[in-house]
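Numbering (my numbering), first residue to last: 1100 to 1454.
The beta carbon of each residue, even a glycine, is placed where N, CA and C say it ideally should be.
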């Protein structure tokens, strides 16, 4: 009984000590998201309330950093607990009942982490959310079952077969929980990175319109335009690494996925640095009123694009409905659909020509 409990105790400690670091990684990614939001506000907001927005962004960044510090402290404490328990095992201290109690407490901690992950996935917009929640639920169910099996054992009278069966069930449940935790947290963090990439891409489009507008007004924005090329290159690299991480997480290659995700994170940090240089260059080469006018017109163009896209979708939906309700006039309906598509192309082609 002692050897089996010792082996399970080591496994439990490994799981408990490893997972907080994963959650620390998730919290650390929030910094990039906050920095991007902050810098987007610097880029696109030169109005009176810019100072208030920046203050709110700084406060959010401070809260994120405090959260990171707390999570890292918890991870360090978990490692310290692991070292202490390992020393205790090596010294042969602790009764079977005490070790059984520790195992039950360890399973409680893993269940807490699994439930926390479930809440994060539920609140996120990750792809295939239902499938991911089902995977977490299965891990929770397996852990609860294994916990009940261990709890039912009598440390003093349990047979070798009972101990071996409980050990196997608990070991399998722990290993599955660890995989689900790492994979699940990875999906949540990677989705956040994807959201940052999407916002940066929208910002890139707006910068293009602003630079085109300012150049048309006679301002020299060549330096900002050159920096914009570098910015787009970093953004494209971030998008590629993000997509690769998503595919690797789906395939269960957590270690490789984390490497791709870290690469995407670094790409975004570099894009963020270049973005600040673009902001500095634009402000140095333009007046405040011209920059504000260029921003307003860039926003108007973006709204015009969205409106045109919505109208195009409505036109296509109407054409589809007409086609379904008039099957006997299929040829005529097809011609109408073709006309609608041509109109859509013409509208889309004209969007953004005049900034």
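Between the options, which has its C-alpha nearest residue i's C-alpha?
| i | options | result |
| --- | --- | --- |
| residue 1281 | 1348, 1156, 1383 | 1348 |
| residue 1370 | 1334, 1353, 1384, 1361 | 1334 |
| residue 1357 | 1367, 1345, 1301, 1366 | 1345 |
| residue 1363 | 1320, 1376, 1290 | 1290 |
| residue 1244 | 1256, 1210, 1297, 1233 | 1210 |
| residue 1320 | 1379, 1366, 1255 | 1379 |
| residue 1195 | 1372, 1365, 1250 | 1250 |
| residue 1377 | 1360, 1342, 1328 | 1328 |
| residue 1296 | 1336, 1217, 1222, 1216 | 1336 |
| residue 1270 | 1299, 1300, 1238, 1253 | 1238 |
| residue 1262 | 1272, 1275, 1248 | 1248 |
| residue 1299 | 1367, 1339, 1314, 1267 | 1367 |
| residue 1213 | 1360, 1307, 1155, 1275 | 1275 |
| residue 1308 | 1343, 1381, 1339 | 1381 |
| residue 1094 | 1316, 1306, 1223 | Only positions 1100 to 1454 of the chain appear in the structure, and residue 1094 is not among them; the question remains open. |
| residue 1096 | 1218, 1253, 1215 | Because the chain here runs from 1100 to 1454, residue 1096 falls outside it and cannot be looked at. |
| residue 1338 | 1355, 1260, 1361 | 1361 |
Quick one: what does DSSP say residue i is sitting in, helix, strand or coil?
| i | result |
| --- | --- |
| residue 1225 | coil |
| residue 1255 | coil |
| residue 1308 | helix |
| residue 1317 | coil |
| residue 1385 | coil |
| residue 1283 | helix |
| residue 1352 | coil |
| residue 1289 | helix |
Taking all protein chains shown into account, do 16 or more other C-beta atoms lie within 10 angstroms of the C-beta of residue i, making it buried, or fewer, making it exposed?
| i | result |
| --- | --- |
| residue 1199 | buried |
| residue 1265 | buried |
| residue 1323 | buried |
| residue 1241 | buried |
| residue 1255 | exposed |
| residue 1277 | buried |
| residue 1351 | exposed |
| residue 1311 | buried |
| residue 1258 | exposed |
| residue 1272 | buried |
| residue 1157 | exposed |
| residue 1233 | exposed |
| residue 1205 | buried |
Can you give the beta carbon distance from residue i to residue j, rounded, assuming they're within the 8 Å contact cut?
| i | j | result |
| --- | --- | --- |
| residue 1384 | residue 1318 | 6 Å |
| residue 1283 | residue 1231 | 6 Å |
| residue 1246 | residue 1203 | 6 Å |
| residue 1279 | residue 1235 | 6 Å |
| residue 1228 | residue 1220 | 6 Å |
| residue 1373 | residue 1302 | Wrong, their Cβ atoms sit about 12 Å apart, outside the cutoff. |
| residue 1353 | residue 1286 | Not confirmed; about 10 Å, so no contact. |
| residue 1343 | residue 1359 | 4 Å |
Residue i CB to nearest chain C CB: under 8 Å?
| i | result |
| --- | --- |
| residue 1355 | As a matter of chain content, chain C is missing from the structure shown, which is built from one protein chain. |
Query raised in the report: Taking only runs of the alpha helix (DSSP H) that begin and end inside the segment 1317-1347, which ones reach a length of at least 4 residues, in chain order?
Result: none
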